[in-house]
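Peer 1: Below is the structure I would like to discuss, written out as structure tokens.
2 protein chains.
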Amino acid sequence: MDPNKQARLAAAGWKVGDAADFLALSPAETELVEIRHRLAEAVRTVRAEHQVTQAQLARILGSSQSRVAKIEAGDRSVSLDLMVRALLGLGLGHQELAGWLGAKSAA
Amino acid sequence: MDPNKQARLAAAGWKVGDAADFLALSPAETELVEIRHRLAEAVRTVRAEHQVTQAQLARILGSSQSRVAKIEAGDRSVSLDLMVRALLGLGLGHQELAGWLGAKSAA
DNA sequence: TGTCAGCATGTCGGATTTGACATGTTGGCG
DNA sequence: CGCCAACATGTCAAATCCGACATGCTGACA
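Here the protein sequences come in this chain order: A and B.
Numbers in my numbering are just positions in the first sequence, counted from 1, shifted up by 181.
Numbers in my numbering are just positions in the second sequence, counted from 1, shifted up by 181.
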């Protein structure tokens, strides 16, 4: 699926009007959903590994327990920024972050 | 320094500096800056590789040329969300995105 | 030299995201 | 059973971010 999708989008001169006419999820939208899901899962897993409660993580982030719950639920009201900040707050670096993003979903 | 933030840093187990703390970023803040820089560079590089102008990418994103310029400049008014959406709009998948995040800073 | 494409920077109204709070659910323990 | 910690869900004012626009800069080309 990766090569196919990339081949289509790789064309620098793709017709822009087409995107608006597409009703289904675009490849980019699908990828964004995938990314959000992975980051949400990463937050939940890493937090558990560190034995930190949602409330404690919230304190680290200067946020609230409810928002951390929304992060892990992949709630629409949560931006990528907040998800990433949560992972960094848990002590991850960009390398580890990349690992969670790119690794095959197995576990 | 913001007392609230101080509490947050303390809760995360970090030392709180004093007068010159605006120079001493927390590990999380440093990582976030690094990540933003990497993504900004990725957008500029991938866009160039695909021979797409800022205006064309803006069109794909439903945005404006000026905002794409800000993305590549790492402007504060640009969120991670927008940066990631720009890369996805250029045809990258989460795997490739992870590559840009985690790879050693080449050149 | 004039002009044009491409990119950069500043600002603003409106849209999105945030922290906080209220409230509900679940599971463990005495 | 009651109690409590941990987590989930909904709402809202305020903070942040977005797209759009105006405008400036630079290098290429005739």
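Quick reminder that beta carbons are idealized off the backbone N, C-alpha and C, glycines included.
(1) Which stretch, first to last residue, makes up the alpha helix (DSSP H) that contains Ser247 (chain B)?
(2) Near Leu282 (chain A), which residues of its chain fall below 7 Å by C-beta distance, leaving aside the five closest residues on each side in sequence?
(3) Is Ser260 (chain B) close to chain A? Criterion is C-beta to C-beta, closer than 9 Å.
(4) Is the distance from the Cβ of Ala209 (chain B) to the Cβ of Leu269 (chain A) below 9 Å?
(5) Counting only the same chain and skipping the five closest in sequence on each side, list residues whose C-beta sits under 7 Å from that of Ala284 (chain A).
(6) Which whole-angstrom value is the C-beta distance of Ile252 (chain B) and Leu261 (chain B), which I expect to be below 8 Å?
(7) Closer than 7 Å by C-beta to Ala250 (chain B): which residues in its own chain qualify, once you throw out the five before and the five after it? Chain order, please.
(8) With Leu271 (chain A) and Arg228 (chain A) assumed to form a contact (beta carbons below 8 Å), what rounded beta-carbon distance in angstroms separates them?
(9) Strictly below 7 Å CB to CB, what residues from chain B border Glu215 (chain A)?
(10) Run down chain B in chain order and give the residues with a C-beta less than 9 Å from the C-beta of Val227 (chain A).
(11) Tell whether a beta-carbon distance below 9 Å holds between Ser245 (chain B) and Ala254 (chain B).
(12) Is the beta carbon of Arg266 (chain A) closer than 9 Å to that of Leu213 (chain B)?
(13) For Gly270 (chain A) and chain B, any beta-carbon pair shorter than 9 Å?
Peer 2: In short, the structure shows the following:
(1) Taking the second sequence and counting its residues from 1, the one referred to as residue 247 (chain B) is at position 66. Under the DSSP assignment, Ser247 (chain B) falls in the alpha helix (DSSP H) whose first and last residues are 246 to 254.
(2) What you label residue 282 (chain A) is simply residue 101 of the first sequence in a count that begins at 1. Contacts found: Ile216, Arg219.
(3) Taking the second sequence and counting its residues from 1, the one referred to as residue 260 (chain B) is at position 79. Chain A places a beta carbon closer than 9 Å to that of Ser260 (chain B), counting this residue as a contact.
(4) For the purposes of this step, residue 209 (chain B) is identified with residue 28 of the second sequence, where counting begins at 1. For the purposes of this step, residue 269 (chain A) is identified with residue 88 of the first sequence, where counting begins at 1. At the C-beta level, Ala209 (chain B) and Leu269 (chain A) come within 9 Å of one another.
(5) Counting from 1 along the first sequence, the entry for residue 284 (chain A) is found at position 103. Closer than 7 Å at Cβ, skipping near neighbours: no residue.
(6) Counting from 1 along the second sequence, the entry for residue 252 (chain B) is found at position 71. Counting from 1 along the second sequence, the entry for residue 261 (chain B) is found at position 80. About 10 Å; that fails the 8 Å criterion.
(7) Mapped onto the second sequence, residue 250 (chain B) falls at position 69. A distance below 7 Å between beta-carbons, with the five flanking residues on each side excluded, links Ala250 (chain B) to the following residues of its chain, in chain order: Gln235.
(8) Here residue 271 (chain A) refers to the residue found at position 90 when the first sequence is read from its first residue. Here residue 228 (chain A) refers to the residue found at position 47 when the first sequence is read from its first residue. Indeed they touch by this definition, with Cβ atoms about 6 Å apart.
(9) The residue given as residue 215 (chain A) occupies position 34 in the first sequence. Simply His275.
(10) The count along the first sequence starts at 1 and reaches residue 227 (chain A) at position 46. Residues of chain B passing the Cβ test: none, with the nearest at roughly 13 Å.
(11) As a first step, residue 245 (chain B) is located in the second sequence; it is residue number 64 there, counting from the start. As a first step, residue 254 (chain B) is located in the second sequence; it is residue number 73 there, counting from the start. Not in contact: Ser245 (chain B) and Ala254 (chain B) (Cβ atoms no closer than 9 Å).
(12) Taking the second sequence and counting its residues from 1, the one referred to as residue 213 (chain B) is at position 32. Taking the first sequence and counting its residues from 1, the one referred to as residue 266 (chain A) is at position 85. Contact: yes.
(13) Taking the first sequence and counting its residues from 1, one reaches residue 270 (chain A) at position 89. Taking Cβ atoms only, chain B reaches closer than 9 Å to Gly270 (chain A), which makes this a yes.
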